[in-house]
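So the structure is just underneath, and the comments pick up after that.
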Amino acid sequence: MSSNSAKFSLQKMTRRSVIGLAGIGVPSAIWASGIEPNLLSITRKNLALPRWPKSLDGFRIAQITDVHYRPGTDEELIAKLRKALEAEEPDCIAITGDFVINDPSSLAEFARALRGISAAHGIFASPGNHDRWHCTVSNIKKEFESIGISYLQNKGTNINIKGERIFINGLDSVWGGRPVPNRAWNGHQKNTPVISMVHEPDFFDELHTPKPLDLQLSGHTHGGQCRLPLINYTPAKVKFGRNYIYGHFKNDRSQLFVGRGIGTVGLRVRFACRPELVILTLRST
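For the sequence shown, this note's numbering begins at 17 and goes up steadily by one.
Okay, structure coming up:
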């Protein structure tokens with residue numbers, strides 16, 4: 017599917033959601049378009065990882081995903097995000113793709129909006145499908161590295177903390193690029209815990225079997241962007257994000273967390289699915 021047709025399908029998806037909200041009532045539609053998209057929430061969750069070092073029990077990761085930065089519109093939301101990050105003081109920050117919607121020039125403005133955020137053990141980013149459709153790899157790398165963010169696209173790095181080693185990597189977008197796990201795991205040493213940033217969550221089904229993987233961080237789905245309360249249903253299903261729409265999942269040896277994201281695609285609406293900063297506290301077992 018081309019980027020244009022994909023964009024159309026996503027816009028159609030969100031329009032369908034808004035039509036449904038209008039059916040519920042005009043106040044709901046006003047809330048979804050004018051209020052909720054700016055109501056940043058913080059989700060805090062403890063994750064017990066069997067291979068996580070005891071000396072690093074309590075290590076905190078902030079996940080930011082799917083900002084889809086809109087210059088001139090999202091400044092209030094980004095200001096709230098910055099304030100929340102300063103208050104939370106995470107050990108590291110993972111930005112799991114879709115920095116832009118379709119305007120490559122907004123990437124530089126997004127980078128400027130993030131300038132000055134910090135984490136003791138680094139800030140890392142991997143691409144989403146929109147980034148790969150509309151931005152060059154060299155430009156993404158240049159903009160992020162200019163503000164101290166490590167860009168990981170089919171690439172990994174070791175973090176040494178308190179005599180322990182963690183391996184964090186990022187894969188290319190499944191939809192917009194070409195993920196190459198062998199490259200992303202290059203430099204990984206046996207028994208070292210692995211945190212992997214993969215924009216599209218459904219790749220979890222392919223990735224957890226051949227490669228050592230403790231935790232995959234994903235976005236892409238926006239949590240549905242618009243959900244029906246009580247029954248928790250969303251009409252929004254996107255390619256490579258149908259099996260895992262939001263939240264925490266695990267199998268026999270790997271875990272996945274899918275964030276709702278910050279921004280929107282198509283119409284700037286959210287309903288019962290607020291923008292989200294995720295704070296994951298990793299626990300040893």
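Just so it is clear, CB atoms sit at the ideal spot from N, CA and C, and this is done for glycine as well.
Predicted, not measured: the structure shown is a model, and the values here were computed from it.
* **CB of asparagine 54 within 8 Å of CB of glutamate 92, strictly** => The residue labelled residue 54 in the question sits at position 38 within the sequence shown. The residue labelled residue 92 in the question sits at position 76 within the sequence shown. Contact: yes.
* Using the C-alpha atoms, what's the distance from alanine 95 back to leucine 231? -> Taking the sequence shown and counting its residues from 1, one reaches residue 231 at position 215. Taking the sequence shown and counting its residues from 1, one reaches residue 95 at position 79. If you take the alpha carbons of leucine 231 and alanine 95, they lie about 28 Å apart.
* Does the distance from the CB of arginine 243 to the CB of cysteine 289 come in under 8 Å? -> Start at 1 with the first residue of the sequence shown, and residue 243 comes out as number 227. Start at 1 with the first residue of the sequence shown, and residue 289 comes out as number 273. Yes.
* Asked: From Arg299, Ser300, Arg284, pick the residue whose C-alpha is nearest to that of valine 83; which is it?
  -> Within the sequence shown, the letter at position 67 stands for residue 83. With distances taken between Cα atoms, valine 83 lies closest to Arg284.
* Could you give the uninterrupted runs of the alpha helix (DSSP H) lying entirely in the stretch 108-196, keeping only those of 4 residues or more? -> 122-130, 145-150, 153-161
* What's the gap between the Cα of arginine 199 and the Cα of glycine 132? -> Locating residue 199 in the sequence shown gives position 183, where the first residue counts as 1. Locating residue 132 in the sequence shown gives position 116, where the first residue counts as 1. Looking at the two C-alpha atoms, the distance is approximately 30 Å.
* Asked: So what does valine 210 bridge to, in DSSP terms?
  -> Position 194 of the sequence shown, counted from the start, is the residue given in the question as residue 210. Answer is Phe183, bridged to valine 210.
* When burial is assigned at 16 or more other CB atoms within 10 Å of the CB, is glutamate 161 buried or exposed? -> As a first step, residue 161 must be located in the sequence shown, where it is residue number 145. Glutamate 161 should be labelled exposed.
* Best match in Tyr85, Asn62, Pro66 for proximity to threonine 280 [C-alpha to C-alpha] -> Mapped onto the sequence shown, residue 280 falls at position 264. Residue Tyr85 is the option with its Cα nearest to threonine 280.
* Asked: DSSP beta-bridge partners for valine 294?
  -> Here residue 294 corresponds to residue number 278 of the sequence shown, with the count starting at 1. In DSSP, valine 294 forms a bridge with Thr59, Gln79.
* What's the call for lysine 178, buried or exposed, on a 16-neighbour Cβ count within 10 Å? -> As a position in the sequence shown, residue 178 is number 162, starting the count at 1. Its Cβ having fewer than 16 others within 10 Å, lysine 178 is exposed.
* Is the stretch 268-275 touching the stretch 241-255 in the sense that three or more CB pairs, one from each, lie closer than 8 Å? -> no
* isoleucine 175 to histidine 137 span [Cα, whole Å] -> Numbered from its first residue, the sequence shown carries residue 175 at position 159. Numbered from its first residue, the sequence shown carries residue 137 at position 121. Cα-Cα distance, rounded: 7 Å.
* Which residue or residues does DSSP assign as beta-bridge partners of leucine 65? -> Taking the first residue of the sequence shown as 1, we reach residue 65 at position 49. Partner(s): Ser300.
* Taking the alpha carbon of serine 57 as the point to measure from, which residue in Ala45, Gly74, Glu104 has its own alpha carbon closest? -> The residue given as residue 57 occupies position 41 in the sequence shown. For the residues Ala45, Gly74, Glu104, the minimum Cα distance to serine 57 belongs to Glu104.
* To do: Starting from the Cα of glutamate 292, find the closest Cα among Gly88, Ser44, Leu97, Thr89 and give me that residue.
  => Walking along the sequence shown from the start, residue 292 turns up at place 276. Among Gly88, Ser44, Leu97, Thr89, the Cα nearest to that of glutamate 292 is on Leu97.
* **Whole-number beta carbon distance between valine 214 and threonine 237, since they are thought to touch under 8 Å** => Stepping through the sequence shown from its first residue, residue 237 is reached at position 221. Stepping through the sequence shown from its first residue, residue 214 is reached at position 198. About 13 Å separates the two Cβ atoms, so there is no contact after all.
* **Collapsed DSSP secondary structure at phenylalanine 256 in the structure displayed** => Numbered from 1 along the sequence shown, position 240 holds the residue referred to as residue 256. Coil, per DSSP.
* Nearest to valine 190 by alpha carbon, out of Gly164, Asp147, Asn207? -> Along the sequence shown, read from residue 1 onward, the residue named residue 190 stands at position 174. The shortest Cα separation from valine 190 among Gly164, Asp147, Asn207 belongs to Asp147.
* With isoleucine 77 and alanine 110 assumed to form a contact (beta carbons below 8 Å), what rounded beta-carbon distance in angstroms separates them? -> If you number the sequence shown from 1, residue 77 lands on position 61. If you number the sequence shown from 1, residue 110 lands on position 94. Right, the Cβ-Cβ distance comes to about 6 Å (below 8 Å), so this counts as a contact.
* Asked: Are leucine 130 and isoleucine 156 touching if we call contact CB-CB under 8 Å?
  -> Here residue 130 refers to the residue found at position 114 of the sequence shown. Here residue 156 refers to the residue found at position 140 of the sequence shown. Going by C-beta atoms, leucine 130 is not nearer than 8 Å to isoleucine 156.
* Mind reading off the beta-carbon distance from glutamate 102 to arginine 286? Whole number of angstroms is fine, and I expect it under 8 Å. => Here residue 102 is taken as the residue at index 86 of the sequence shown, counted from 1. Here residue 286 is taken as the residue at index 270 of the sequence shown, counted from 1. With 8 Å as the limit, glutamate 102 and arginine 286 do not qualify as a contact, their Cβ atoms being about 24 Å apart.
* Do you know whose CA, among Trp47, Ile46, Gly235, Lys70, lies nearest leucine 298's CA? -> Taking the first residue of the sequence shown as 1, we reach residue 298 at position 282. It is Lys70.
* Let me know the secondary structure DSSP gives leucine 231 once reduced to three states. => As a working mapping, residue 231 is identified with position 215 in the sequence shown. In the structure shown, leucine 231 sits in a strand (DSSP, three-state: E or B).
* Could you tell me the distance, in whole angstroms, from the CA atom of glycine 239 to the CA atom of tyrosine 262? => As a working note, residue 239 is residue 223 in the sequence shown. As a working note, residue 262 is residue 246 in the sequence shown. Distance between the alpha carbons of glycine 239 and tyrosine 262: 5 Å.
* Asked: Do you know offhand how far proline 66's Cα is from valine 196's?
  -> Translated into the one-based positions of the sequence shown, residue 66 becomes position 50. Translated into the one-based positions of the sequence shown, residue 196 becomes position 180. When rounded, the distance between both Cα atoms is 26 Å.
* **glycine 240 (DSSP reduced to helix, strand or coil)** => Taking the first residue of the sequence shown as 1, we reach residue 240 at position 224. Of the three classes helix, strand and coil, the one that applies to glycine 240 here is helix, per DSSP.
* Buried/exposed call for asparagine 207, threshold 16 Cβ in 10 Å -> Taking the sequence shown and counting its residues from 1, the one referred to as residue 207 is at position 191. Result: exposed.
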